[in-house]
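Trainee: Below you'll find the structure I mean.
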Amino acid sequence: MRLSQRDKAIIADINRFRVMDRDSIAELHFSHLKRPINSANAVLKRLVTDGHIRRSTKFGAPYLYLSRETALSEDSAKIGHYLAILGVYKDILRHGTLDVFQVEPKYGGKGTVEPDVFCIFRKHGMTGRTPFFIEVQNTFYSQKVMTQKLKRYEELYQSRIITQEPWQPADPPPVFPIVLIISEHRYAIDGSYPFRVIQAQSFTQFMQSLKPAKPKEEQRPKPKTASQLKYSGGIKINLGVK
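The numbers in this note's numbering rise by one with no breaks, and the one at position 46 of the sequence shown is 69.
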């Protein structure tokens with residue numbers, strides 16, 4: 024059976040994220056329909072039968088759907104990590120659009136930094152674009168491991184590889200992505216890095232942190248009663264009664 028554009032988009036997303044849950048597929052590709060879950064089930068069953076994607080029943084229903092382009096097993100310990108990355112993707116889309124969203128991009132051989140995500144974000148109603156490297160810490164990492172990760176980002180910065188990326192602005196200077204660490208745990212990170220490092224529990228929390236604090240309302244004097252009103256400087260105070 025010939026693949027529709029939606030079929031191709033679903034397969035491309037599953038290949039990108041390695042694994043997706045049924046409800047996320049329904050949210051991203053069928054939300055405009057009256058019964059997105061039923062429609063998603065029918066399409067996914069066909070794509071599995073035709074051999075375009077794999078299905079995992081190891082975690083019960085609703086099922087998970089895996090890429091055929093990776094060797095990720097149906098009960099891999101990394102499945103939770105990839106689903107967390109998918110959750111970050113959906114969270115970002117609530118605040119804007121994504122020109123780029125790459126999962127685990129490579130910038131060198133073994134021992135070089137491997138971000139969980141590289142993305143270029145455009146906030147709703149804004150024209151500017153912001154590049155991010157995102158670390159999605161679904162499990163606890165020690166302070167030592169996080170320091171090593173940031174050291175690799177610093178090595179990538181010093182290599183100037185990023186300055187050659189096609190997404191760089193036409194006018195100098197080149198931009199190094201913000202390193203956003205999404206984790207329930209807060210790490211001790213100093214400000215010595217030559218790029219911005221931000222910690223948040225979610226992308227939504229990060230966006231909320233950018234909003235300026237509301238100024239405290241000035242305390243207004245209580246209105247005076249009629250008996251308290253007096254002439255002031257020869258001008259009679261208007262009581263609003265003609």
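C-beta atoms are modelled at their ideal positions from N, C-alpha and C, and glycine is treated no differently.
1) Express the C-alpha separation of L179 and L203 in angstroms, rounding to a whole number.
2) Just the C-alpha distance for L95 and I108, rounded to the nearest angstrom, thanks.
3) Around the C-beta of S165, are 16 or more other C-beta atoms found within 10 angstroms, so that it is buried, or is it exposed?
4) What's the C-alpha gap between P192 and R145?
5) Check the DSSP bridge columns for K146 and list the partner residues they point to.
6) Let me know the secondary structure DSSP gives I258 once reduced to three states.
7) Threshold first: 4 residues or longer. Then list the alpha helix (DSSP H) segments lying entirely within the stretch 172-233, N to C.
8) Can you name the residues that DSSP bridges to E158?
9) Kindly list the residues whose CB is nearer than 6 Å to the CB of V159, restricted to its own chain and excluding five residues on each side of it in sequence; keep chain order.
10) Which ranges would you report for the beta strand (DSSP E) in the stretch 51-91 if only whole runs of at least 3 residues count?
11) Does the beta-carbon of A65 have 16 or more other beta-carbons within 10 angstroms, so that it is buried, or is it exposed?
12) Are the beta-carbon atoms belonging to I201 and F226 less than 9 Å from one another?
13) Is it buried or exposed for K172, if we count other Cβ within 10 angstroms and need 16 for buried?
14) What is the rounded straight-line gap between the Cα of N161 and the Cα of H104?
15) Between the alpha carbons of P85 and T150, how many angstroms are there, rounded?
16) Taking 8 Å as the cut-off, does the stretch 87-101 touch the stretch 36-45 (at least 3 CB pairs, one atom from each stretch)?
17) I'd like to confirm the pairing. Which residues does DSSP put opposite V140 in its beta bridges?
Mentor: Put simply:
1) Straight through space, the alpha carbons of L179 and L203 are spaced by roughly 16 Å.
2) Taking the straight line joining both Cα atoms gives about 15 Å.
3) Taking all protein chains in view, the Cβ of S165 is surrounded by fewer than 16 other Cβ atoms within 10 Å, so the residue is classified as exposed.
4) The alpha-carbon separation between P192 and R145 amounts to approximately 14 Å.
5) G119.
6) For I258, the predicted model reports a pLDDT of 28, less than 50, meaning its position is unreliable and no value from the coordinates is stated.
7) Taken in chain order, the complete alpha helix (DSSP H) segments of 4 or more residues contained in the stretch 172-233 are 226-232.
8) Bridge partners of E158: I204.
9) A107, I108, V111, D139, I205, listed in sequence order.
10) Fully enclosed beta strand (DSSP E) runs of 3 or longer: 77-79, 87-89.
11) With fewer than 16 Cβ atoms within 10 Å of its Cβ, A65 is classed as exposed.
12) Taking 9 Å as the Cβ cut-off, I201 and F226 do not qualify as a contacting pair.
13) Buried: at least 16 other Cβ atoms inside 10 Å.
14) Looking at the two C-alpha atoms, the distance is approximately 6 Å.
15) Taking the straight line joining both Cα atoms gives about 38 Å.
16) A contact is defined here as three or more CB-CB pairs under 8 Å, and the stretch 36-45 meets this definition with respect to the stretch 87-101.
17) Bridge partners of V140 according to DSSP: V126, I157.
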